[in-house]
Every structure is written in C-alpha cells, then in structure tokens.
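Each remark here refers to the structure printed beneath this line.
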DNA sequence: GTCTATAACGGGATAGAC
DNA sequence: GTCTATCCCGTTATAGAC
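Chains as they are written, first to last, in our numbering: chain B, 1 to 206; chain U, 207 to 412.
Now the structure itself:
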C-alpha cells in the first residue's frame, strides 16, 4: 500500500469534516482508508493526536503563506497603513487557494466546523496554531483602521471570523434555509464577495 | 420531583450546547437532570427526537416573535421598502432577548453550534424550523436592498448567517485567538454592534 | 510496520416489575 | 409514569504474533 500514514490522514480529514470530531469514529476512518485499526494507534497513538496531525499538515503551510502575503502587503504600503481588503485577502486567500487546486475542500469544511466545536479538542487547535498569526493580523487591522476603537475592532474581528468560518463550511445550511430562493453561483467570485462584505462591515460608520 | 420532562429538556439543552449532539451522551444528560435513563425514552423515544424537542421549545416562540416584529417594521414602512437595520433587528433581537432574561444562553450556544454540524441531525432542525421564517425575511431583505442582484443577496445572507451564528456561539474561540489583544466588553451593545456591522456589509458598494 | 484478537468500557435502546 | 436490570452494539485502546 502506498503510504498508510497519508491514507489515514486523508480519510480522517474527510470524515472529521463530514461528521465532526465526535461523530467520526476511528473504525469509519480505517474502513475508508482501507487500513487496519492498529495502524492508527501505531502512527498517531490517539484519536485526538490524529486530529491535530490532520490540522497541522494543511494549516502549517497555509499560515506560512498568510504571513508572507501580509509582509508583502505591508511592504507595498511602505510605511503607510495597509488597506483593509489586502489584509483580509492575505488571510483568507491561502485557504481558498488550497481548497480549489487539488480538491482539499474537506479540510476547509473541517476548519469551519472546529470553530463551532468550542470547549473541547478544538480549542487546542486554535491555541496552538493561531496565536502567532492572529497577533500579526490583528496589529495589521488595527493599523488599517486607526480611527476604530480597540474594543470595537475586537468585536468586528469576531464577526469576521464567524462569516469566514461559515463560508469555509460550505453553503449546505444556507441552501437548506433559502431553499427555492437562492442557489450558490460559481465559487471563484465568492472570495471577492466575502472580502467586499467584510471590509464594508469593518469600516461601518465612523 | 417537579416535572421530569422539563428537567430532562433543561439538562439536554445545556449539554448539547456544551458538547454538541454527538458529544453529549444520554447518560450524561440523565445524570445532570437527576433522572432515570428510561425516563428519556419514555418521554422522547429517541435521542434525535430529544434534540428536536429541545430546539422546538425555545425556537417556536422566538420565530413567532420574529414574524411579528417583521410585520411591525413593514407596517411602519407603509408601503416603502423597509430599513435593513430594522429587518436584521427583527430577526436577531428575539434570540438575544430570550438569552438575557432568564439565562437561556445555553440555547443560543446550541443553535450556534447546529449551524456547524451540517450534514446530520442539524439539517432536520433547519428544514423543519426555518423554512417559513427564512422565506419572509429574505423577501423583506430583497425589498430593503432593491439595487442588489438576487444572486449577490444570497451570498451576503450567507455571510450574515455565519457572523450571527458565531456570535450566538459566544466569544470563547475569538478570545482564545485574540488572547491578550481583546476581551469582550459588556453584552448589551453587542446586538447593536452586530447589526451595524451586518447592515454595512449588506449595503457594500453598489 | 502491519496484522489478528481482544480487552475494557460507554453508548442507545428495551423489557418488565412496580 | 417511573424504576431496575439488561441487551447488544460500537467505541478507543492494547497485547502479541508475524
């Protein structure tokens, strides 16, 4: 078999995304990966560690690219405050790009879900993975919106995270709710639509 | 004991909100409710039906109030398009109000989570509970934003749902990510902040 | 490194006494 | 309507052969 470990990661990614951390059993994962149950424990020791490995594999390069893009956009600004849309795009685009080439959307769905599974294993993910990136992007947003009070910025970032995570999650829920009224169009302009929406929200009023 | 059925509903609400549908076991629920396991099956037959009952109990009156407020705000508009902020407030305020009086926040957290648990039992909830309300509010938003293409409105509603659900879910994730940079201030202006943010996003550009 | 077999436990559901 | 006792299955995890 061509790399057991990776096949486990792929299956886990897909099933965690589809059924959540609690909802996806190791047995379902090994069946999907066509692998023996013991192999999971050999390579990852525990279910929780498997989730962290799944997240790590994709998120580490995404976060690197995010930081690189943010540096680019700050270099372009040359000392002046960066543009809100550019900062948002630096954060969101890497995740979307990865999702489109290579069909890694399961991972995006998973990340979207983890925002909702607060309180358990999910917190580990955010604490270990996002601390550094979040710090840098918050500073950039604060510079991009100098007139916005600190406290208000925090709330708006909270709303931004919500809209972003929900978009990562896919449109299934919205389609169920807006049934007959709306069906999602092509995916590409989605990124631009999202950024436009969020930037307007961040700049609201004065 | 003063009403077994209600104590089960209360415990289920809290634990489903805290650990998700899969993560909260019936045994944990009956322990919290100080009730026997068989009582759950007697009153609700199945775990899934219990979740639906939990949601129904609170969501039915909330959705009634939403429709009433929407009618009010359309009557005030007297034939002219309603104001975006008013439509948003008619939808969001009833959930917030219930959460603040009586301390029913567990239910809001639960609803927020269900948006993320797409694909399973959660879809049942949305299909059975939101169809009518969603239809009415979508029409109202379309009238409030006549210049916005139908397709674009759908996407923006999608973003609105995301920000709203995440706010219902509480700020734990955002606090973990923005640690040291932000701590949520008092809850009351939150509703106004959210509506201002969403309205600006809905009206973005032209 | 990969398998089989099994341990040890917790899950939802049910029968039947009271 | 409420309880005890139990069924039966799926769960994670591990021991030990190959």
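Even glycine gets a Cβ: it sits at the ideal position worked out from N, Cα and C.
- Taking the Cα positions, residue 296 of chain U is about 10 Å away from residue 268 of chain U.
- For the set B/108, B/131, B/150, B/182, the Cα lying nearest the Cα of residue 164 of chain B is the one of B/108.
- Residue-level contact check: residue 86 of chain B does not touch chain U, since none of the beta carbons of chain U fall below 8 Å from its beta carbon.
- Flagged as an interface residue toward chain U: residue 161 of chain B, by a C-beta distance shorter than 8 Å.
- Counting the other CB atoms within 10 Å of its CB gives residue 240 of chain U a total below 16, which places it among the exposed residues.
- In this structure residue 408 of chain U is in contact with residue 366 of chain U, their Cβ atoms being roughly 7 Å apart against a cut-off of 8 Å.
- Within the same chain, Cβ atoms closer than 8 Å to the Cβ of residue 293 of chain U are found at 276, 279, 343, 346, 347, 350, the five residues on either side in sequence being excluded.
- Taking a C-beta distance under 8 Å as the contact criterion, residue 341 of chain U and residue 181 of chain B qualify as a contact pair.
- If only complete runs of 4 or more residues are kept, the stretch 108-178 of chain B shows the alpha helix (DSSP H) at 121-129, 131-144, 150-168, 172-177, in order along the chain.
- At a Cβ-Cβ threshold of 8 Å, residue 92 of chain B and residue 194 of chain B count as neighbours.
- For residue 225 of chain U, the uninterrupted alpha helix (DSSP H) run begins and ends at 210-229, by DSSP.
- Residue 286 of chain U counts as exposed, since fewer than 16 other beta carbons sit within 10 angstroms of its beta carbon.
- Along the stretch 316-335 of chain U, going in chain order, the ones with a CB nearer than 9 Å to a CB of chain B are 318, 319, 320, 321, 322, 323, 324, 325, 326, 328, 329, 332, 333.
- Where residue 41 of chain B is concerned, the enclosing alpha helix (DSSP H) starts and stops at 37-44.
- A Cβ of chain B is located within less than 8 Å of the beta carbon of residue 337 of chain U.
- Contact check for residue 377 of chain U against residue 158 of chain B passes: the beta carbons are separated by less than 8 Å.
- Burial check for residue 209 of chain U: the Cβ neighbour count within 10 Å stays below 16, so the residue is exposed.
- With fewer than 16 neighbouring CB atoms inside 10 Å of its own CB, residue 248 of chain U falls in the exposed class.
- Residue contact check for residue 357 of chain U against chain B: a CB pair falls below 8 Å.
- DSSP, reduced to helix, strand and coil, places residue 204 of chain B outside both helices and strands of the structure shown, so it counts as coil.
- The C-beta distance from residue 228 of chain U to residue 22 of chain B rounds to 4 Å, short enough to meet the 8 Å contact threshold.
- With respect to the 8 Å criterion, residue 410 of chain U and residue 96 of chain B are not classified as neighbours on the basis of their beta carbons.
- At a cut-off of 8 Å, the C-beta of residue 100 of chain B has no neighbouring C-beta in chain U.
- Between residue 239 of chain U and chain B, the shortest Cβ-Cβ separation is not below 8 Å.
- Taking residue 59 of chain B as the centre and dropping the five residues before and after it, the same chain places the C-beta of 129 closer than 7 Å to its C-beta, in chain order.
- Rounded to whole angstroms, the gap between the alpha carbons of residue 7 of chain B and residue 305 of chain U is 44 Å.
- Using a CB distance cut-off of 8 Å, residue 138 of chain B counts as an interface residue toward chain U.
- Counting along the chain, the unbroken alpha helix (DSSP H) around residue 255 of chain U starts and ends at 253-283.
- For residue 83 of chain B, no Cβ of chain U is located within less than 8 Å of the residue's own Cβ.
- Residue 317 of chain U sits away from residue 155 of chain B, with the two beta carbons spaced by 8 Å or more.
- Distance between residue 259 of chain U and residue 245 of chain U, taken at the CA atoms: about 15 Å.
- In chain order, 122, 125 place their CB closer than 7 Å to the CB of residue 114 of chain B, counting only its own chain and leaving out the 5 sequence neighbours on each side.
- Nearest Cα to residue 176 of chain B within the set U/312, U/231, U/337: U/337.
- Proximity of chain U to residue 198 of chain B at the Cβ level (cut-off 8 Å) is accounted for by 365, 407, in chain order.
- In terms of Cα proximity to residue 45 of chain B, the closest of B/55, B/31, B/26 is B/26.
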